Structure formats: C-alpha cells, structure tokens
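Notes follow the structure.
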Amino acid sequence: MTIANSSRSRKAKVQLFILRVLAYLFIGILVAMCLFFFIMLLLMSSKSNSQLQGAFSLKWGGHFLENLHNAWNDASTNIPRGMVNSFIVAMSSALITTYFSALTAYGIHVYEFRFKRAIFTFIMAIMMIPSQVSAVGFIQLAYKFGLTNKLWLLILPGMAAPVVFFYMKQYLESVLPLEMVEAARIDGSSEFRIFNEVVLPIMKPAVAVQMIFSFVSSWNNYFMPSLLLTKPEKRTVPIMIAMLRSADYSKFDMGKVFMFILLAILPVMLVYAVLSKSIIKGVTSGSVKG
Amino acid sequence: MSEVKLVNIKKVYPVIERNKNKKNVNGHRTGNLQITDQGVVAVQEFSLDIADKEFIVLVGPSGCGKSTTLRMVAGLEEITSGELYIDGEYMNDVAPKDRDIAMVFQNYALYPHMTVYQNMAYSLKIQKASREEIDRKVREAAEILDITDYLDRKPKELSGGQRQRVAIGRAIVRHPKALLMDEPLSNLDAKLRNQMRAEIIKLRERINTTFIYVTHDQTEAMTLGDRIVVMKDGYIQQIATPQEVFDHPSNLFVAGFIGTPQMNFFDAELKLRDGDYWVDVEGASVRLADEKQERLKANHVEEQAVTLGVRPEHLLLADKGIAGRVTVSELMGSSRHLHLTVDGKDVIIIVPSTGGTGNYIGSDVALGFDGSNAHVFSKATEKNLEY
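Protein sequences, first through last, are from chains A and B. In terms of my numbering, the first sequence is numbered consecutively and its last residue is 290. In terms of my numbering, the second sequence is numbered consecutively and its last residue is 677.
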C-alpha cells in the first residue's frame, strides 16, 4: 500500500517537474524574443562605424561612450533639444489628458443633466474616427492661423481623449460611491474642490496608468509632429530619428545612428521599468471591487 | 436654537419615458407610489415642526420616502414644492454646505485616502479654521466617540463599528444645527447595532443638537426617538411619541408596522350598549376601557363592523373567549410565542414560559383580552376610530 503510494507521488513529482521545465522554457523563449532587439541595439550602439560596416558579430564594440559623445553633440541632429521638446510635449499632454478625461468622466458619472446619454454616446462615437481623418482639417487650420511650430498645439488636443475618458468612467463606477460626493458637499466643499481633493486621490491608480500610456504614446508620436513642426529647433525625437533614414549611409556614422535610437527609447523604457507595478495594479484594480 | 420646519413638502421624480416600465426610478422603488403626469411622487403633504434639540425618527418600509425626505432637508434632493425652514430661514434653494447641517450615511462614506483625523478635520479645514481649533475640535469629538487611538489610521484599517463612529465624529465635529442620520446602523451586525444604538443615546446627551434619524428598524425608532414619524408610500401615517404610536396607532398600517410580533387583527362588530362601546368578536364580547369610550364618544362613532387589533402580549389564555387551536409553539427564553389558528386566520400570542416542555401544540384554547388593549379600526378607511 505505502510502496504504491510513494511510487505514485514520485511519478506526480516528476510530472510536475517536467511541466515546470516546459513552462519556463516557453517563458524563456518569449523573453528572449522580446529582449533580442534591445540587446542587438545595445551591441550595435557600442560599435564604431567601421566595425558596423564589417562582418556581423555579437561582441561588445567598445565604442559606446564615444558614440554617446558624438550623438549628443551632433550638430545636424540636435538630440538633446529633441529630447527636451519631446519631454515637454509628452509630459504636458499626459497631465492634461488624464486630468481633463478624469474631470469629464466625473461630470458624466456624478451629475444628472439633460442629454447626458447623448453626450456620452457622442464621445464614444469620436473613438471610432481615426486621428488621420481629423488631422487633415486640423493641419489646414493650423497653417491658416499660422500656428505651426508651436509645441502647445500638440499638447492641447490631448485634452479630448475618448479612450482615456471611457477608462476613467469605468473606473469611477467601480470605486466611487455617490454618498462620498454628497458627504463632501455637506462638509462644505465646492464642486471643483470635491473633484480635486476627494475624487482625484481615489482615482490615483487609474490616473497613474493613463499617464504612463499617454506619455509613451505622445513620446512616440510621429504623425502630427511631423506635419506641424518644420523648424529644426522645434523637432521632437521621432522626427529626428525618421530624418536619419534619408541620410547617406555610406558617409554617415552608423554607430551614432544606433546611439540616437537608444537615446530615443530610453525614457520610455525607464517609465515602464519604474512604473510597471502601478501599470499592473491600474489595469486590474478597476475590475474588482475591493 | 435649531428648529427645523417642513411645510407641505412634496417630491416628484420625473419619469423618463424609457424607464416607465422599470421597477426603479433613481433607485427608488415605485411599488405603491403614485405616478402622475409629472413623474413618481416619492413624498407628499409632508408637514412637520421639529423643535430645538428634538430627536425625530422617520420610520417606514423601503420606498416610503423617509430617506428622500431626509435628503431634501440636507439639500441633496431638490424640493418639488413646499417650504423648508431651518431656524426660521427659508432653505429650499440653499446649497447643502450653507445649511449648517451634518449627515451620517448608511455606508459611512468616509474618504478612503485620508486618515481618521483628516476625515474629521476636512469640514473645518474648508471653513478655514485655525490649526489649533481644528486639532482641539477633532480631539474633542474623538474623545466623545472613543476613537482617539485610531486618529492616524485609514478607514480601511477599521472595523464597521469603528468606521461608523468616525462617520459620526466627522458629523459632530463642527457642531451642526441639525444632525441627519440615514440608516446609520443598517450595515452593522445585530450585536454591534444594539451597542451603537445605546451609544447614540449617550451621544445625544453629550452633544445636544437636533437629530433627524431615518430607519426601517422599529426598535431603533422606539428606543431613540422623542417623536416618531411613521411613513408609507410617501405619506405621513402618524407623528407621535413612541408610546403614543404603540398605544394608539392611527391606522391599520401603523398598528401592524410597530411592534413585534405584529398586532393580531380580527373581524369584529362595534356595538353600543347602554351608552357604552363593546366589541363582539368570535363569540366573545368585551367592553372598551373608559379612556377609549371617551375618545369614541367624542368622535360620535356609530355601531359598525370594524377590524379589531390586539397585540400578542395583550391576548391572554382564558377559560372562554375567542376559540383557537395552537399550531406552532416557539420558546423565546423568558416567554413563549404560540401561533394559533382562529377561524382560519393566524394569530400569535405571547405567554410566559413555564419552564416545562409546554406541550401546547394541537390543543384548543380560548383567548381573552382587556378592553384597554383593544384597538378598533374602521373597515372602510382603515383609520383608528379613536382619532
């Protein structure tokens, strides 16, 4: 009896071990696939132009700092300026997008007013219009008013973000009892103050996750900036990277090019690395009441 | 001084066409509520004078309009028609924050990101009170409610009872003119509810303000209120002291709603014999008490078929009287509840538990009652004929 039991449990243990090995193998492959491009980029950015022109190798090139120095001080592609511009646009639009989307969601969630449903449906309908379609009119308007090369023109339209609004509204529905708003009203708070001091802190996880998403998408945005920013000192990082493509590869220092790309994705990687916990928390927190 | 006066208050929730067939409109059951062209009438003809420092309890079943009334006093619901005065000032269109009232909600509604101290200090902070004043008042209120030890904790780290204390603390910290409570004990378990009920009685002695308290629990209504307002389907049924409501319910609904187990009702005849009122029921005949005689005479009540109400504790086992058969016997400890069938109807009586097995089931008994404990209601209007 006991012998049969122990052999059975040993068999189960072996099975579990094999399953675990398979699972780790699978995860390992996925991780390798994801990391491959980053590792390649890192390796390439450490090589000199001549090393890159030569045979492909997986060795560390040893010219990393040199490439960094060259890229940072490049006269034609002013990457520090581009990063500052990108940061201004991405940070401001992330702040504006999340704040005003939360405000709109709060308004729709808490107040009863005429045409509320119609307004909600209208906002949702906007989600279906691709930005490229509305861009045509927007660009024309910007040119006619002479508003090109203004960074705030890239920031302000972020205020109307139906997707973020929808996320915020769903989140509010799951976390905000209306009694809390009423309690604050009776406590003497003004409506705007209730939003800022009571509601916004409760929405912190949702705000955090949407800030990250809008920061990243704004940082990576190429379409609108490329149409609106023409002056070199106003360019954002994605425009600068795109312009490298038109450079003459035979004359250009490719080590520098890889360094540009590395610098361009660095802030995004940092944001994800530092805030990944709150992303996970934010994505799941709206779903379960607790 | 903080008197609250409600004059002919009415609340109508506009019905959106689409919702007409639904059971809920704005979260209020529309079961027996009147639906007019304007919408669902949640409260109507509500007039009440609340004296300074009085404890008023609004009680009634779900959807009777008690919470709506309270919310209108708080300013959280618009008053459709009628007038509301607090301290003689017309308040219909005044914002909640300018009414100088405080409210305790059923689900506490504490701010989850603030500590207990910050929760309690919030209203004072908005009033721009000095830091010393805030600190003094918060600690004073915390002392009264015995929550000083939790001041640095967040609401989620507290138990239900502690949270409710914080919610009360937040309300009393700025000494409001009136303290409104919307079923504050409903979320607590039975034992804690009893305890908190006693605490509210003690609290009242210490803070001495006007209370308006909403509950569906008649025990809370009876034990807490100076006066009870019994409501049903948006109408006031009776406004009186707990004793008065218990002893002289104004109609069948109040008689049935207040008191556990519920009052027993019999079909009976009200008779005049030698100038005295008698009730004849199931072969028994009982002369009403002198006090009731006077009230009925003053109303010139005629002989008629009536509904007779007698509370279970006032029905006694007798040698002769209303005949019934015991079907269920429940031992409650100090007493025993006997369920009887009398002429096809269920009747409950309470008898002292004798300590024995009390094998009543299946036995035929006769019931008697005293004329001072008989309530006679009109068959037509369901009103107590004494009124």
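Just so you know, even glycine gets a beta-carbon here, dropped at the ideal spot from N, CA and C. Owing to the predicted nature of the structure, the values given are computational and were not obtained by experimental measurement.
State buried or exposed for residue i, treating a residue as buried only when at least 16 other CB atoms are found within 10 Å of its CB.
i, result
"P201 of chain A", "exposed"
"T671 of chain B", "exposed"
"S413 of chain B", "buried"
"M44 of chain A", "buried"
"K13 of chain A", "exposed"
"F56 of chain A", "exposed"
"N314 of chain B", "Because N314 of chain B carries a pLDDT of 45, less than 50, the predicted location of this residue cannot be relied on, and no value is offered for it."
"R361 of chain B", "buried"
"R114 of chain A", "exposed"
"F26 of chain A", "exposed"
"Y398 of chain B", "buried"
"G623 of chain B", "exposed"
Under 7 Å Cβ-Cβ, which residues of chain A neighbour residue i?
i, result
"Q417 of chain B", "G188"
"S413 of chain B", "D187 and G188"
"K427 of chain B", "Result: empty, since nearest Cβ-Cβ is about 14 Å, beyond 7 Å."
Terminal residues of the continuous beta strand (DSSP E) containing residue i?
i, result
"A385 of chain B", "Neither: A385 of chain B is in no beta strand (DSSP E) and is coded neither H nor E."
"Y503 of chain B", "T500 to T505"
"F667 of chain B", "H665 to S668"
"F336 of chain B", "V330 to I340"
"H63 of chain A", "Taken as a continuous stretch (DSSP letters only), H63 of chain A belongs to no beta strand (DSSP E), as it is neither H nor E."
"V347 of chain B", "F345 to V349"
"V406 of chain B", "Element bounds for V406 of chain B: not the beta strand (DSSP E) but the alpha helix (DSSP H), V406 to I416."
"P602 of chain B", "Taken as a continuous stretch (DSSP letters only), P602 of chain B belongs to no beta strand (DSSP E), as it is neither H nor E."
"D654 of chain B", "D654 to G658"
"D557 of chain B", "N554 to R563"
"N298 of chain B", "V294 to Y303"
"A574 of chain B", "A574 to R577"
At the level of alpha carbons, what is the spacing between residue i and residue j?
i, j, result
"N298 of chain B", "F336 of chain B", "5 Å"
"V600 of chain B", "Y407 of chain B", "51 Å"
"H318 of chain B", "S643 of chain B", "Note that H318 of chain B has pLDDT 46, beneath the 50 cutoff, so the model's placement of it is unreliable and the number below is only indicative. Distance between the alpha carbons of H318 of chain B and S643 of chain B is about 43 Å."
"A90 of chain A", "D377 of chain B", "55 Å"
"N382 of chain B", "K522 of chain B", "24 Å"
"V163 of chain A", "V456 of chain B", "38 Å"
"Y171 of chain A", "F100 of chain A", "15 Å"
"K150 of chain A", "M159 of chain A", "16 Å"
"V618 of chain B", "H627 of chain B", "8 Å"
"N196 of chain A", "A461 of chain B", "21 Å"
"S76 of chain A", "G62 of chain A", "25 Å"
"K625 of chain B", "E581 of chain B", "Residue identity check: residue 625 of chain B is Ser in the sequence provided, not Lys. Taking the straight line from one Cα to the other gives about 29 Å."
"Y105 of chain A", "V207 of chain A", "The sequence given here has Ala at residue 105 of chain A, not Tyr. Their backbone Cα atoms lie some 12 Å apart in a straight line."
"L578 of chain B", "R426 of chain B", "59 Å"
"T320 of chain B", "G353 of chain B", "With a pLDDT of 48 at T320 of chain B, under the threshold of 50, the predicted position of this residue should be treated as unreliable, though the coordinate-derived value follows. In a straight line, the C-alpha of T320 of chain B is about 7 Å away from that of G353 of chain B."
"Q485 of chain B", "E179 of chain A", "25 Å"
"R10 of chain A", "E620 of chain B", "59 Å"
"I651 of chain B", "E112 of chain A", "58 Å"
"V666 of chain B", "L560 of chain B", "8 Å"
"E422 of chain B", "L470 of chain B", "27 Å"
"I186 of chain A", "W72 of chain A", "57 Å"
"L141 of chain A", "L147 of chain A", "8 Å"
"I265 of chain A", "I108 of chain A", "37 Å"
"V181 of chain A", "L448 of chain B", "21 Å"
"N316 of chain B", "I194 of chain A", "Note on N316 of chain B: pLDDT 46, under 50, position unreliable in the model; the coordinate value appears next. C-alpha separation (whole angstroms): 22 Å."
The alpha helix (DSSP H) that contains residue i, what's its start and end?
i, result
"P532 of chain B", "P532 to D537"
"T104 of chain A", "I79 to V110"
"M211 of chain A", "K204 to N220"
"M362 of chain B", "K356 to A364"
"F543 of chain B", "L542 to F547"
"P238 of chain A", "V237 to L244"
"A468 of chain B", "No alpha helix (DSSP H) holds A468 of chain B; the beta strand (DSSP E) holding it covers A468 to D472."
"L448 of chain B", "Note, L448 of chain B: premise wrong, no alpha helix (DSSP H); not H, not E."
Residues of chain A with CB under 9 Å from residue i, in chain order?
i, result
"I391 of chain B", "I186"
Along chain B, in chain order, which residues have C-beta atoms closer than 9 Å to that of residue i?
i, result
"E182 of chain A", "R361, A364, L366, P386, M393, F395 and A399"
List, in order along the chain, the chain B residues whose C-beta lies closer than 7 Å to that of residue i?
i, result
"E233 of chain A", "The premise fails here: E233 of chain A is roughly 43 Å from chain B at the closest Cβ pair, so nothing lies under 7 Å."
"E179 of chain A", "F395, N397 and A399"
Handout entry: Residues from the segment 190 to 211 of chain A in contact with chain B, defined by Cβ distance under 9 Å
Key = Of all residues in the segment 190 to 211 of chain A, only S190, R193, E197, V198, P201, I202 and K204 come within less than 9 Å of chain B when Cβ atoms are compared, listed by chain position.
Practice task
Give, in chain order, every residue of the segment 399 to 411 of chain B whose Cβ lies closer than 9 Å to some Cβ of chain A.
Solution key: A399, L400, Y401, P402, H403 and M404
Problem - Under 7 Å (Cβ pairs) to chain A, residues found in the segment 361 to 383 of chain B - result: A364 and L366
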